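Chains as they are written, first to last, in my numbering: chain A, 250 to 684; chain B, 9 to 172. Beta carbons are placed, not taken as given, at the ideal position from N, Cα and C, and that holds for glycine. Fair warning: this is a prediction, and the values are worked out from it, not measured in the lab. Everything below concerns the one structure shown next.
Listed below in structure tokens is the structure:
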């Protein structure tokens, strides 16, 4: 079932099967739909068996980095000498991305089941589900579902076997994009400012509270029960292009399309078909100008590149961008790319934690230079200055927020240079007051 | 600085029990800081200097440490806001779908006039917020705890009627 639209015949509905189905939100409704069978099976398989199955599936992290999930789990110590933790990253705040929100709103027990299977695999005592504070409805739904899971003996004192000793808690964020970065998320759980930490140590060695920790995205964990019940081989088979990208991906499509929303397709699905077939094309019959396919932190594609792009980790790299979190932002011919790139830079400037100079200063100056251009006071050398600044913001900082700000600027100037020049030469009238 | 008034502490009775229960979820007291600040804000509407001291005392932290954390996160209010706190998403995906018009409509119809100011009747404060994570439902707006999807400038007057 799709939400808010009906599923398209070309979708491969796995995670989104019950989107829009209110009964699936409840424990009873979830069990009726085959829920919690995977958890039982996973306990039977044991930690090593679960990790092996997930490795076979080829499941990769859906938060943006695309790191193989089974491999990540295998980094956790096998011999348990101290507390282990699982953190579920539900701080979804990458502009363009709104898939985890739907998973939590409609299928909270799918996420809980995925968390508990992962928790069992990495021998974690506690799962913290870190949900951004603005997600009031998902928070409410998840709180209720966790309470139900305790009540029905899925986890905690009423449960049996290894699940009896496990706990699962919701941790509510308080407004900070950077807390979606895994080490910042751990600091935020610990009651600290959400500053990213330097790595190493990696979380599997010293994570939240200094203990071995694994952090997984909501969509990654929600896929795990399906892998356990249907098998890693089945999941691996959900692939249209490169065998290194397997399974289904929820693509959040927003901006100038006729039917925005979440679409679930097999890895390797053509971006062109997603836009023109599933999403009903560009709104008002306009022409396509640009697409950011993986959330705002990845390079912008022009029309030609977008229409040739296959949506999987490798296909996006080939097209000069990244799959990221799968947040597809679509711009039609009416979009002012200079203004929108400024608006993206403003987002990063607002969200910079300000630890690293390159990011704190770089994001702020990027905005100021772009605003100067939009105000009609730009000079041609400003474009080189922006590129130079971007160069110094890439690969130089503790986390990649700074790189994320640079990506749309660099790709934007490269692909839409004439729009910048039009403001600089006065061909285009200023759209902002001088700052 | 805002005038601060002495209150009964938030963390007594049921609230204290709730906080104690929350503290059992974490191995350190410090980790209960974000939840404690949420409780304080729910009770008082904002987080004052006195409030931060209160939280510091109950969690064995220094007020300066608490202030450092409070000021990091955007959802904690450091000053009083209107009874209905309105947040309009204006990040790129919403911006290209007309979010700026939605902001203007809210500023006009609430009587706030400017971002971040509270209307003369104390009812509304309007701010722009960065990505609310509902980009396919442009423009998402939060009014206190209510998350409203697909708001357009034309729908604003009717929406505000619910909060009169």
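- Using a Cβ distance threshold of 8 Å, residue 337 of chain A and residue 467 of chain A count as a contacting pair.
- DSSP, reduced to helix, strand and coil, places residue 327 of chain A outside both helices and strands of the structure shown, so it counts as coil.
- Rounded to the nearest whole angstrom, the CA to CA distance from residue 339 of chain A to residue 380 of chain A is 5 Å.
- Here residue 351 of chain A is near residue 252 of chain A, since their CB atoms are less than 8 Å apart.
- Here residue 517 of chain A is near residue 490 of chain A, since their CB atoms are less than 8 Å apart.
- Here residue 683 of chain A is exposed, its C-beta having fewer than 16 other C-beta atoms within 10 Å.
- Here residue 101 of chain B is near residue 504 of chain A, since their CB atoms are less than 8 Å apart.
- Of all alpha-carbon atoms in B/41, B/58, B/94, the one lying nearest the alpha-carbon of residue 122 of chain B is that of B/94.
- For residue 346 of chain A, the neighbours in chain B by C-beta distance under 8 Å run, in chain order, 141, 143.
- Inter-segment contact for the region 303–315 of chain A and the region 375–392 of chain A is absent: fewer than three beta-carbon pairs are separated by less than 8 Å.
- Residue 625 of chain A and residue 587 of chain A have their C-alpha atoms spaced approximately 12 Å apart.
- The beta-carbon separation of residue 457 of chain A and residue 438 of chain A, rounded to 5 Å, stays under the 8 Å limit for a contact.
- For the C-beta of residue 36 of chain B, the chain A residues within less than 8 Å are, from N- to C-terminus, 439, 440, 458.
- Residue state for residue 542 of chain A is assigned as strand, using DSSP reduced to three classes.
- When C-beta distances to chain B are compared with 8 Å, the residues of the region 409–436 of chain A below that value are 416, 418, 420, 421, 422, 423, 424, 425, 426, in chain order.
- Around the beta-carbon of residue 16 of chain B, fewer than 16 other beta-carbon atoms lie within 10 Å, marking it exposed.
- Residue contact check for residue 80 of chain B against chain A: a CB pair falls below 8 Å.
- In terms of Cα proximity to residue 259 of chain A, the closest of A/267, A/656, A/522, A/549 is A/522.
- Taking the Cα positions, residue 418 of chain A is about 27 Å away from residue 501 of chain A.
- Taking a Cβ-Cβ threshold of 7 Å, the residues of chain B close to residue 600 of chain A are 138, in chain order.
- DSSP links residue 513 of chain A through a beta bridge to A/499.
- In this structure, residue 440 of chain A lies near residue 38 of chain B, with their beta-carbon atoms less than 8 Å apart.
- Interface annotation, residue 25 of chain B: not in contact with chain A, CB-CB separation never under 8 Å.
- When DSSP states are grouped into helix, strand and coil, residue 150 of chain B belongs to the strand group.
- When only Cα atoms are considered, residue 41 of chain B and residue 459 of chain A end up about 18 Å apart.
- Straight through space, the alpha carbons of residue 61 of chain B and residue 70 of chain B are spaced by roughly 8 Å.
- Within its own chain, the residues whose Cβ lies closer than 7 Å to the Cβ of residue 369 of chain A, once the five positions on either side in sequence are excluded, are 291, 292, 296, 299, 411, listed in chain order.
- Straight through space, the alpha carbons of residue 549 of chain A and residue 570 of chain A are spaced by roughly 7 Å.
- Closest in alpha carbon position to residue 151 of chain B, among A/383, A/552, A/257, is A/383.
- Cβ neighbours of residue 317 of chain A within its own chain (closer than 6 Å, five residues either side excluded): 309.
- 8 Å or more divides the Cβ of residue 673 of chain A from the Cβ of residue 635 of chain A.
- By the C-beta density criterion, residue 320 of chain A is exposed, having fewer than 16 other C-beta atoms within 10 angstroms.
- Counting the other Cβ atoms within 10 Å of the Cβ of residue 324 of chain A gives fewer than 16, which makes it exposed.
- If you look at residue 25 of chain B, you'll find it in the alpha helix (DSSP H) that goes 21–31.
- Residue 629 of chain A is classed as exposed because its beta carbon has fewer than 16 other beta carbons within 10 Å across all chains shown.
- Exclusion of the five residues before and after residue 285 of chain A leaves 279, 358, 362, 403 as the residues of its chain whose Cβ lies within less than 8 Å of its Cβ.
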